[in-house]
Every structure is written in structure tokens, then in C-alpha cells.
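Chemist: Numbering (full-length UniProt numbering), first residue to last: 1 to 345.
C-beta atoms are modelled at their ideal positions from N, C-alpha and C, and glycine is treated no differently.
One structure coming up, written as C-alpha cells, with questions to follow.
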DNA sequence: TACTCGTGGGT
DNA sequence: TACCCAAGAGT
């Protein structure tokens, strides 16, 4: 630890004391560390997800399940339904599993290494919980920290190879005390000032110490490998309506949208177009299509309404149309359902 | 390591 | 509009 490194964390913590965002899962200045349950829940929700998107879900979860014991006692289907729309549904599956583990052992583990063993808790989240909830010294590295550190030290190596150097630098500037506040300060800085595009260097408390700024244009850091092209897939979803109810299935497995309630479909995946025949056989009326873009594929999903009288073969349930908003459909199928109900009234 | 896995907002 | 991106984890 050099004198220069101390200046970075001290400067940033002073800035944080004045400018920290007031977020529902955070302690206010001067308050003790927040409830580990709320820290864990927020950190999982925030994985690859914006603060604005998380807020209403965090409020819903904490009001429905105020403690990890309450969440552990919930039906997994209830948890999946409550998560619907937030994306990356493996997080919800692991959330339920993790809650049961923690409830079984009585409390959250309070070290980074033990936290790391919990399902859905990786390197970042373990460090964040240890630092923020348990006030342990931990080096917390997320995409914000990567960006800020790459710019601070003018690291021009390409990601992901640059991660080793970035971690070493982050280790050097992380203070022994208040490392949780330091991590959250880095995230606030990355979110509002040291942004991916058009960073506001004139407002940055670290601008005088930023090697990337001295070297030229910090906005080009970190340098990332080129992205793969995104395949375009087509599929079909089936709208089977009877007596004010629609037939819904629950998707199997841990793959895409696994565990989520959904419209029956033709088996499309991110790797392949759908191919299954509409079941039960009969007359189908194409209502239209919805487009939806996933991380690694774009899907055009045609919605076909069943006009016959046979019963569905696939396992599922008749869901009342007037409570469709409570079905917990992921956004893709919510779009498809909206299309169908708009036409069939 | 490289790929899979959602969604909504910003530019 | 068509990208890019966001408090990553699991495999």
C-alpha cells in the first residue's frame, strides 16, 4: 500500500459520504451495517440488472418475505412468479435454494469463503456481502470496478485477459476499513460519473489521479473483445383458450426460462428454430407475432390460436384470463399473451 | 475459457 | 434504428 493508493480510497470515501445514493437496501450514513438478507437479496437481483429495474422487485420480495426464513418457507413457484420479468431466472431458482440452505443452518455465513459456497453466490456477490453486511475487508469487483480501475490505471490490455491486472490494482486500492463503502462508492462512481459512454470526468473526484485521463480518452477503456453476432430464431407459441381460461405450462429444467410458467410452444431454443407440431391437432389461427431479443439470440414468436375442441395433451393448467397478470409469465410470453388477448378480447 | 442465460434503458 | 450495456453465476 503506497501513499498514492491511500489517497484514492480516502478521496473516494469522502466523496461517497457526501454523494452516496440512497437505496432501499443500503444503510444510511452512520447507521449500522444492513441486514445480510437484504444485502444478499439486492446483490443477486442486481446481477446484470439495473438499479431502476431492481427497486420494485426488492420492495415486493422484502414485503412478501421479510426474512430469509420466510423466503425459505415459500413455494418455489411463488418465488419464480414473483421474479417474472426480472430475467436470468436461474437467479430465482438459486435464490430459493440458497434461502433454504441459510434457513437450515440458522443464519448467513459471515466470511467471503463460506458465502462463496452458497448457490447463486459467485466471487463478486460473496465479496460484496462480506464487505457490506459483515464489514469484512473484501475486494469487490464488478463491471463498474473493472471500468473505473482500467481507466484509473490506464490498463489497455483487452478484457477478459485484463482481469488479472485489474484485480491486482483493485486489491491495492481497497482500504482495510470500510471496504464495503469503498465498493459501493466505486459502483456509484461507475454508475453516475465514470460511465461506459461519455464519462463525466469534470465531476469525478478521482480525475486528478486518473492515468487514463492523462493518457487521452478514458472512454475507450476498458477495451473489450468483439462480440459474436446474434442469431435470429423463429418459433411458435400456442394460445389455447376455453371458458375464460388459457392453457399454461411450466417450463422444465435449468435452460432458458426454466421453471417459469409459459405458453406452450414448438420447442424453439436460442440454438435452433422451433419444429414441434401444434398439439392437439386441429385448426389454428395465426394471430400475429412478437419479437423479443435475448442476450444471445433474437426470436420472432408467432402466436397461434387453437380453434378446435380437443383437450391439450401436454401437462399444464387452465389459468383464468382475468388473473393472467398474476401468472408470472416472463416478458416474452407476457408479450404473446397481450397480443392474443388484444385480439380475442 | 467460452458459452449460456433476460430485460429494459440509453445513445 | 441498432446497437451497447447493467452490482455475474454456472457449466
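What ranges does the alpha helix (DSSP H) occupy inside the segment 104-177, keeping only unbroken runs of at least 4 residues that lie completely in it?
Modeler: Entirely contained in the segment 104-177, the alpha helix (DSSP H) runs reaching 4 residues are, in chain order, 112-115, 123-132, 143-152, 163-173.
Chemist: Evaluate contact between the segment 202-213 and the segment 126-139, counting only Cβ atoms and requiring at least three cross-stretch pairs below 8 Å.
Modeler: As far as the Cβ criterion goes, the segment 202-213 does not touch the segment 126-139, which means the pair count is below three.
Chemist: Looking only at its own chain, which residues have a Cβ that is under 6 Å from the Cβ of residue 291, when we skip the five neighbours before and after it?
Modeler: Excluding residues within five positions, the ones whose Cβ falls inside 6 Å are 300.
Chemist: Can you tell me the Cα-Cα spacing of residue 352 and residue 268, whole angstroms?
Modeler: There is no way to answer for residue 352, as the model of the chain reaches only from 1 to 345.
Chemist: Considering just the uninterrupted stretch of the alpha helix (DSSP H) at residue 250, what are its terminal residues?
Modeler: Segment 245-250 is the beta strand (DSSP E) holding residue 250; no alpha helix (DSSP H) there.
Chemist: Going along the chain, which residues of its own chain have a beta-carbon closer than 6 Å to the beta-carbon of residue 79, five neighbours each way excluded?
Modeler: So the list reads 92, 96, once near-sequence residues are dropped.
Chemist: Assuming residue 38 contacts residue 62 (C-beta within less than 8 Å), just tell me the rounded distance between them.
Modeler: Right, the Cβ-Cβ distance comes to about 6 Å (below 8 Å), so this counts as a contact.
Chemist: Just tell me which of 336, 105, 15, 165 has its CA closest to the CA of residue 68.
Modeler: Comparing Cα-Cα distances from residue 68 to each of 336, 105, 15, 165, the minimum goes to 105.
Chemist: Which value, in whole angstroms, describes the spacing of the CA atoms of residue 36 and residue 277?
Modeler: Between residue 36 and residue 277, the C-alpha separation is close to 48 Å.
Chemist: Here's a check: name, in chain order, each residue in its chain whose Cβ is nearer than 7 Å to the Cβ of residue 345, leaving out the five neighbours to either side.
Modeler: Low per-residue confidence applies at residue 345: pLDDT is 49, beneath 50, and the placement is therefore not dependable enough to give any value.
Chemist: In angstroms with no decimal places, state the Cα-to-Cα distance between residue 313 and residue 340.
Modeler: Rounded to the nearest angstrom, the two C-alpha atoms are 21 Å apart.
Chemist: Is it the case that the Cβ atoms of residue 170 and residue 139 are separated by a distance below 7 Å?
Modeler: Cβ distance < 7 Å, so residue 170 and residue 139 count as in contact.
Chemist: Closest to residue 50 by CA distance: which of 144, 112, 214, 103 is it?
Modeler: When only C-alpha atoms are compared, the closest one is 144.
Chemist: So residue 16 and residue 142 are supposed to be a Cβ contact under 8 Å. How far apart are they, rounded?
Modeler: Actually they are not in contact, since the Cβ atoms of residue 16 and residue 142 sit about 16 Å apart, beyond 8 Å.
Chemist: Tell me the DSSP secondary structure of residue 295 in three-state form.
Modeler: Three-state DSSP puts residue 295 in coil, outside helix and strand.
Chemist: Below 8 Å on the Cβ atoms is my contact criterion, and I expect residue 194 with residue 156 to pass it. Report the Cβ-Cβ distance as a whole number of Å.
Modeler: At roughly 17 Å, the Cβ-Cβ gap does not stay under 8 Å, so residue 194 and residue 156 are not in contact.
Chemist: Whole-angstrom Cβ separation of residue 273 and residue 233, contact assumed at under 8 Å?
Modeler: Yes, they are in contact, since the Cβ atoms of residue 273 and residue 233 sit about 5 Å apart, within 8 Å.
Chemist: Which two residues bound the contiguous beta strand (DSSP E) that contains residue 239?
Modeler: Note, residue 239: beta strand (DSSP E), 232-239.
Chemist: For residue 107, does the count of other Cβ atoms within 10 angstroms reach 16, so buried, or fall short, so exposed?
Modeler: By the 10 Å Cβ count, residue 107 comes out exposed.
Chemist: Buried or exposed for residue 223, going by 16 or more other Cβ atoms inside 10 Å?
Modeler: Looking at its Cβ environment, which holds fewer than 16 other Cβ atoms inside 10 Å, residue 223 is exposed.
Chemist: Around the C-beta of residue 293, are 16 or more other C-beta atoms found within 10 angstroms, so that it is buried, or is it exposed?
Modeler: With fewer than 16 Cβ atoms within 10 Å of its Cβ, residue 293 is classed as exposed.
Chemist: Can you tell me the Cα-Cα spacing of residue 14 and residue 29, whole angstroms?
Modeler: Cα to Cα, the separation comes out at about 12 Å.
Chemist: Kindly indicate which three-state DSSP category residue 4 falls into: helix, strand or coil?
Modeler: For residue 4, the predicted structure reports a pLDDT of 48, less than 50, and the residue's modelled location is therefore unreliable. A value from the coordinates is still provided. Three-state result, residue 4: helix.
Chemist: For residue 20, does the three-state DSSP call read helix, strand or coil?
Modeler: Coil, per DSSP.
Chemist: Taking the alpha helix (DSSP H) that residue 59 falls in, what are its first and last residues?
Modeler: 51-64 is the extent of the alpha helix (DSSP H) around residue 59.
Chemist: Here's the rule: buried if 16 or more other CB atoms are within 10 angstroms of the residue's CB, otherwise exposed. What is residue 315?
Modeler: Counting Cβ neighbours within 10 Å, residue 315 comes out exposed, since fewer than 16 surround it.
Chemist: Once you ignore the five residues that flank residue 258 on each side, which residues in its own chain have a CB closer than 8 Å to its CB?
Modeler: Within the same chain, residue 258 has close Cβ partners 89, 90, 93, 251, 252.
Chemist: Going by alpha carbons, who is nearest to residue 168 out of 113, 153, 34, 178?
Modeler: Here the closest residue by C-alpha is 153.
Chemist: Can you tell me where the beta strand (DSSP E) holding residue 318 begins and where it ends?
Modeler: Start and end: 317-320.
Chemist: Which residues does DSSP pair with residue 223 in a beta bridge?
Modeler: DSSP, once it has assigned bridges, lists 158 as partnering residue 223.
Chemist: Between which two residues does the alpha helix (DSSP H) harbouring residue 307 extend?
Modeler: It is not in any alpha helix (DSSP H) - residue 307 carries neither H nor E in the DSSP assignment.
Chemist: On the DSSP bridge assignment, give the partners of residue 325 in chain order.
Modeler: For residue 325, which the question treats as bridged, DSSP gives no partner whatsoever.
Chemist: Drop a sphere of 10 angstroms on the beta-carbon of residue 18, count the other beta-carbons inside from all chains shown, and report buried for 16 or more, exposed for fewer.
Modeler: Exposed is the call here.
Chemist: Roughly how many angstroms separate the alpha carbons of residue 247 and residue 216, rounded to a whole number?
Modeler: Their backbone Cα atoms lie some 59 Å apart in a straight line.
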